[in-house]
Amino acid sequence: MTLHLENPAAASAAQITTAPAATRRRPSARIGLWLTALPLILVLGWALFPGLFTTADPIAGVGAEKFLAPSAQHWFGTDHLGRDIYARVVHGTSQTLLTAGLAVLIGLVAGTIIGLIAATAGRAADAVTMRLVDVLLAVPGFLISLIVVTAFQPGPISLGVGVGIASIASFARVVRSEVLRVRNLDFVEAAFLSGGTYGSVVLRHILPNATGPVLSLLAVDLGAAILAISGLGFLGFGAPPPTPEWGLLISEGRQYLGSAWWMTSLPGLVIVAAVVLLAGFGRQLLKIFRF
Amino acid sequence: MGRYVAQRIGQALLVIWLAYTVIFLAVQLLPSDPVTIFLSTDSAVDQATIDNMKRQYGYDQPLLVQYFAQLGGLLTGDVGYSLASGEPVALRIGGVIGSTMALALSAFATAVVLALAVVVAATLTRSAVLRKVVLNLPPLFAAVPVIWLGLVLLELLSIRWGVMSLFPDGSFLSLAVPVFVLGVHVSAPIAQVLLKSIDTVYSQPFIDVLRAKGASASWIFFRHALKNAGGPAMTITGITVGTLLAGSVITETVFARSGLGAVVLQAVTTQDVPLVQGLVLLTASVFVAVNLVVDLLYPLLDPRILKSNGQGSPRVLAV
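Protein sequence lines correspond, in order, to chains A and B. Heads up, the first sequence is in UniProt numbering, so the first residue is 1 and it goes up one at a time. Heads up, the second sequence is in UniProt numbering, so the first residue is 1 and it goes up one at a time.
Structure below.
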């Protein structure tokens with residue numbers, strides 16, 4: 001979690017403590033980045049090429065292999081239909097990442113546009129857009145998702161859109177504060193003085209220099225979206241049952257809590273690991289990009 | 001001071017009014033009107049029934065009339081009627097809000113205690129290992145899905161060890177476990193912000209002065225650092241209201257507790273738009289009210305805010 005204090009006294013004090021240049025050059029920051037990035041690349045591999053990581057069928061079960069405890073053959077055990085749970089986790093990755101990715105994409109694009117307008121288009125625009133962001137913040141993201149799911153049938157797309165709308169506010173605030181910071185730097189003024197138009201300066205100078213914290217938020221928010229989607233999927237608003245999806249795997253295991261603990265515990269651990277890694281990755285990115 | 005209070009209250013009312021307006025507009029953007037959506041699952045309904053129901057609920061009126069009628073109703077505490085049960089939405093929500101509030105408030109208290117424990121341990125311990133472990137707790141807490149922690153505890157406590165019943169029976173554990181699960185979830189952002197602002201406070205010169213005067217580590221922490229770091233933590237506390245409410249809904253479902261969660265689920269699965277609208281307005285109002293209280297208490301903790309008034313609110317931007 002990143003924190004920007006708008007209280008000027010506190011903000012300057014925070015800048016003194018972060019010791020920016022030293023951190024950026026410290027090799028341990030790069031090592032930390034790779035330590036979190038490598039497992040995430042594995043997860044990305046699960047999403048893109050699930051067949052490389054498991055040969056078991058995620059949809060069709062083997063009748064004779066119901067409720068098998070985790071073993072060398074079935075790492076995460078099997079479920080009530082004799083399906084390999086590890087295979088279902090691997091094959092469910094793409095569904096989960098696609099829904100979460102859609103959410104983050106919506107948050108990023110809409111948030112960037114709103115944040116840019118707020119920071120560059122004058123005080124009136126700033127006041128209006130920031131009040132709208134306040135409204136978005138005032139309605140819990142969970143309920144925004146529920147509104148979208150109520151209005152359009154429950155399913156992965158409406159779920160992703162709902163979670164995405166809910167994440168617009170945090171992107172808008174980060175983009176706004178970053179753009180405000182960059183806009184007052186000398187080189188931006190120089191770009192304007194040497195004849196740059198509003199559009200060209202924003203696109204070529206302000207936006208590229210404001211990306212660090214936004215990228216970091218992107219990673220953290222992807223984790224948050226995975227959590228939100230698994231929660232809503234548990235309530236039954238996500239992908240329909242035969243599809244493997246991380247949140248759905250946990251809720252399917254709910255009925256068999258007594259007989260097969262592995263059905264909920266192990267897919268849940270994968271979610272925990274993924275979200276922790278994404279948050280860590282985001283923190284490392286922020287360390288590297290801090291000016 | 002008077003100006004600050006008036007400004008905050010005005011802003012809070014503005015946000016609630018905006019929230020109402022945005023929700024109203026969002027409902028207009030739906031593919032069709034709430035009644036048609038509600039009845040769409042039932043194929044045996046003819047147009048006359050739909051028109052009749054639309055008239056009863058006022059959805060046949062011009063938009064402006066609907067807007068102001070609903071806004072007027074809002075001011076008198078009438079938030080419309082549920083399409084599924086015909087009950088007033090306010091009654092439907094009011095009937096279950098007590099149990100959810102009890103869960104949310106106890107979970108919040110647990111979260112604050114947990115966050116404080118993390119911060120105290122991280123700041124006052126001399127063991128670098130313990131400090132490192134404790135510092136990694138909040139990100140871990142933030143990553144644990146409420147459903148998962150709830151189900152794992154349910155499996156261990158009621159099925160494996162049999163010390164807790166599967167369904168709420170009023171016993172201590174059947175109350176404490178959901179509170180703990182939700183508390184862990186909510187403690188993460190509070191602890192993270194508190195840790196960060198404690199760090200900021202410790203880098204300020206007055207801490208060095210205190211040290212030079214010979215104050216002990218715990219004296220500095222409890223008498224000086226904690227108070228100075230409290231502001232941002234209080235602000236983030238206001239922002240966690242949404243997390244708390246959303247978490248309550250999921251916790252209630254996991255532990256089969258009655259409350260707002262059941263109403264939310266029913267409202268969404270039956271596509272009962274007025275009920276969802278009421279729920280959203282309610283949570284938005286609770287959120288705004290809590291944050292108003294936080295904003296009003298803030299100057300008591302940090303009077304500098306009043307001086308820099310107009311420059312910005314004591315808001316923290318949490319990501």
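For glycine and all other residues, C-beta sits at the position ideal for the given N, C-alpha and C.
Leaving out five residues on either side along the sequence, give the residues of the same chain with a beta carbon under 6 Å from the beta carbon of A:LEU277.
Contacts found: THR36, PRO39, LEU40.
So, is the C-beta of B:GLN271 closer than 8 Å to a C-beta in chain A?
So, interface residue.
For a cutoff of 8 Å on Cβ pairs, would you count A:THR23 as touching chain B?
With a pLDDT of 48 at A:THR23, under the threshold of 50, the modelled position of that residue is not reliable, and the figure given next carries that caveat. No, A:THR23 does not count as interfacial toward chain B.
Apply the 10 Å Cβ neighbour rule to B:GLY95 and answer buried if 16 or more other Cβ atoms are within range, or exposed otherwise.
The residue in question, B:GLY95, is exposed, as its Cβ has fewer than 16 Cβ neighbours within 10 Å.
According to DSSP, is A:TYR256 part of a helix, a strand, or is it coil?
Looking at A:TYR256 - three-state DSSP - the assignment turns out to be coil, as it is neither helix nor strand.
Going by other Cβ atoms of all chains shown within 10 Å of its Cβ, with 16 needed for buried, is B:LEU13 buried or exposed?
Label assigned to B:LEU13: exposed.
Within 10 Å of its beta-carbon, does residue 294 of chain A have 16 or more other beta-carbons around it, so buried, or fewer, so exposed?
No information on residue 294 of chain A is available, as it lies outside the stretch 1 to 291 that chain A covers here.
Which whole-angstrom value describes the C-beta separation of B:GLY77 and B:ALA69, a residue pair presumed to lie in contact below a C-beta threshold of 8 Å?
Not really, about 14 Å apart at Cβ, beyond 8 Å.
According to DSSP, which residues form a beta bridge with A:THR78?
According to DSSP, A:THR78 bridges with A:ASP84.
Can you look up A:PRO39 in the DSSP assignment and give me helix, strand or coil?
In the structure shown, A:PRO39 sits in a helix (DSSP, three-state: H, G or I).
How far does the alpha helix (DSSP H) with A:LEU53 in it extend, from its first residue to its last?
Reading off the sequence shown, one finds Phe at residue 53 of chain A, where the question assumed Leu. Element bounds for A:PHE53: 50-53.
Nearest CA to the CA of B:ARG92: which residue from B:LEU63, B:ALA111, B:ASN291, B:ALA262?
Nearest C-alpha to B:ARG92: B:ALA262.
Within 10 angstroms of the Cβ of B:MET1, are there 16 or more other Cβ atoms? Answer buried if so, exposed if not.
It counts as exposed.
Out of curiosity, what's the CA-to-CA distance linking B:PHE206 and B:ILE239?
Rounded to the nearest angstrom, the two C-alpha atoms are 30 Å apart.
Is the Cβ-Cβ distance between B:THR243 and B:VAL286 less than 8 Å?
Cβ distance not < 8 Å, so B:THR243 and B:VAL286 don't count as in contact.
What does B:LEU292 touch in chain A if you count any residue whose Cβ is under 8 Å from its own?
What B:LEU292 touches in chain A: nothing, since even the nearest Cβ is about 11 Å away.
So is A:VAL276 in contact with chain B if we call contact Cβ pairs under 8 Å?
It does; some Cβ of chain B falls within 8 Å.
Name, please, each residue of chain A whose Cβ falls closer than 7 Å to the Cβ of B:THR237.
Correct list: empty, because the minimum Cβ distance to chain A is about 14 Å.
Quick check for students: name the residue ranges of the beta strand (DSSP E) that lie wholly in the segment 175-239 of chain A, counting only runs of 3 or more.
Counting only runs of 3 or more, we get nothing.
Is the segment 183-198 of chain B touching the segment 106-123 of chain B in the sense that three or more CB pairs, one from each, lie closer than 8 Å?
Yes, the segment 106-123 of chain B is in contact with the segment 183-198 of chain B.
When the Cα atoms are used, what is the spatial distance from A:ALA21 to A:LEU217?
Unreliable placement is indicated for A:ALA21, whose pLDDT of 48 sits below 50; the coordinate value is still reported in the next sentence. Going from the Cα of A:ALA21 to the Cα of A:LEU217 covers about 21 Å.
If you pair each beta-carbon of the segment 175-193 of chain A with each one of the segment 257-273 of chain A, do three or more pairs fall below 8 Å?
Verdict: no, contact absent.
Which residues mark the beginning and the end of the alpha helix (DSSP H) in which B:ASN136 is found?
Careful: B:ASN136 lies outside any alpha helix (DSSP H) and carries neither H nor E.
Please list, in chain order, all residues of the same chain as A:ALA279 whose beta carbon is under 7 Å from its beta carbon, the five residues on each side excluded.
Excluding sequence neighbours, A:ALA279 sits near VAL220, GLY223.
Using a Cβ-Cβ distance under 8 Å, would B:ILE207 count as near chain A?
Cβ-Cβ to chain A under 8 Å: no for B:ILE207.
Nearest to B:VAL241 by alpha carbon, out of A:GLY45, A:PRO154, A:LEU137, A:LEU97?
Of the listed residues, the one whose Cα sits closest to B:VAL241 is A:LEU137.
Candidates B:VAL119, B:VAL179, B:ILE220, B:VAL177: which alpha carbon is nearest B:SER197's?
With distances taken between Cα atoms, B:SER197 lies closest to B:VAL119.
Please return the same chain residues whose Cβ sits closer than 7 Å to the Cβ of A:ILE250, not counting the five positions on each side in sequence.
Result list for A:ILE250: SER230, PHE234, THR264, PRO267, GLY268, in chain order.
Which runs of the alpha helix (DSSP H) spanning at least 4 residues fall entirely within the segment 64-131 of chain B, listed in chain order?
Counting whole runs of 4 or more residues, the segment 64-131 of chain B contains the alpha helix (DSSP H) stretches 89-124.
In terms of residue numbering, what span does the alpha helix (DSSP H) encompassing B:GLN56 cover?
Element bounds for B:GLN56: 47-57.
Let me confirm a value: B:VAL15 is counted as buried when at least 16 other C-beta atoms fall within 10 Å, else exposed. Which label applies?
Buried.
Report the CB separation of A:GLY61 from A:PHE53 in whole angstroms; it is logged as a contact under 8 Å.
Contact flag wrong, Cβ pair sits at about 19 Å.
Given this structure, state the Cα-to-Cα distance separating B:PHE141 from B:ASP46, to the nearest angstrom.
So the two alpha carbons sit approximately 52 Å from each other.
Taking the alpha-carbon positions, what's the B:PRO145 to A:ALA118 distance?
Those two C-alpha atoms are separated by around 34 Å.
Within 8 Å of any Cβ in chain B, is that where the Cβ of A:VAL188 sits?
So, not an interface residue.
List, in chain order, every chain A residue whose beta-carbon is nearer than 7 Å to that of B:VAL288.
Those within 7 Å of B:VAL288 in chain A are ALA138.
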